[in-house]
Structure formats: C-alpha cells, structure tokens
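>
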C-alpha cells in the first residue's frame with residue numbers, strides 16, 4: 733500500500749500560479765508512473781498530466797503550455813506547477829500512482845480559481 737499525500741491547493745487568481753505536491757513514501761517511487769487527475773462538480777474525473785518513471789510526460793489538451801508535471805525521485809515527490817490559471821481549472825485535484833498492477837490515489841486537494 734502506498735499512501736499519497738497531496739498539498740498545495742487553495743485559492744488562485746485567474747492568470748496566477750499554484751503548485752501542487754504529492755509525497756509518496758515508498759522506496760519503489762521511481763518505478764511508479766505518476767499522474768494528476770481532477771474532478772469538477774458534476775463532471776467525471778479526468779487526467780490532467782502524467783509522468784512515467786523514465787520521465788516521459790503527457791498533458792490534457794486544455795493545460796498544455798500552462799501546467800508542468802515533474803518528479804523528484806530522491807524526495808519521492810511529484811509536482812504539478814500550474815501557471816496562467818483559469819476559472820475552469822477549478823476542481824479537486826488527485827494524485828495517482830500506477831505500477832506493478834497497483835493503482836493508488838491521494839485524498840484530493842481543492843483548487844479554486846477566482847478573483
């Protein structure tokens with residue numbers, strides 16, 4: 733079992749920035765593919781960004797050029813840098829870890845973009 737702990741959500745201004753962090757205290761962290769998902773009220777959970785253990789990244793179209801996913805395999809942490817925020821980025825953001833047939837989720841952190 734891998735317990736994922738997210739932090740960094742909160743209120744952001746349109747055009748502003750927030751950074752999310754997800755700590756995964758496991759010595760196998762570098763082998764997990766990590767992702768950030770989000771779920772807005774009344775909508776399905778969607779993949780926002782993902783990064784493989786080897787560092788390959790992919791992004792949902794609406795966040796390309798604005799969000800950056802990265803990982804630190806020494807600190808066992810994955811980050812989501814969110815720039816040029818838009819009100820439609822408002823959602824609960826979830827960290828995800830996949831590997832060896834396992835799939836783990838964090839508890840979620842609220843991001844609200846509003847002036």
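Residue numbers (the numbering used here): 733 to 847.
Glycine included, C-beta positions come from ideal geometry on N, C-alpha and C.
#1: Alpha carbons only, please: which of 823, 797, 829, 758 is nearest the one belonging to residue 727?
#2: Assign residue 836 to one of three DSSP states: helix, strand, or coil.
#3: So if DSSP puts residue 799 in a beta bridge, which residue, or which two residues, is it bridged to?
#4: Taking just the CA atoms, how far does residue 826 sit from residue 771?
#5: Starting from residue 830, follow its DSSP beta bridges and name the residues at the other end.
#6: How would you label residue 747, buried or exposed, when you count the other beta carbons within 10 angstroms and need 16 or more for buried?
#7: Which residue's Cα is closest to the Cα of residue 795: 807, 789, 780?
#8: Rounded to a whole number of angstroms, what is the C-alpha to C-alpha distance between residue 806 and residue 819?
#9: Report the three-state DSSP secondary structure of residue 820 (helix, strand or coil).
#10: Out of 744, 753, 758, 824, point me to the one whose CA is closest to residue 777's CA.
Based on what the coordinates show:
#1: Residue coverage of the chain in this structure runs from 733 to 847, which leaves residue 727 outside it and unanswerable.
#2: strand
#3: 814
#4: 8 Å
#5: 765, 835
#6: exposed
#7: 780
#8: 34 Å
#9: helix
#10: 824
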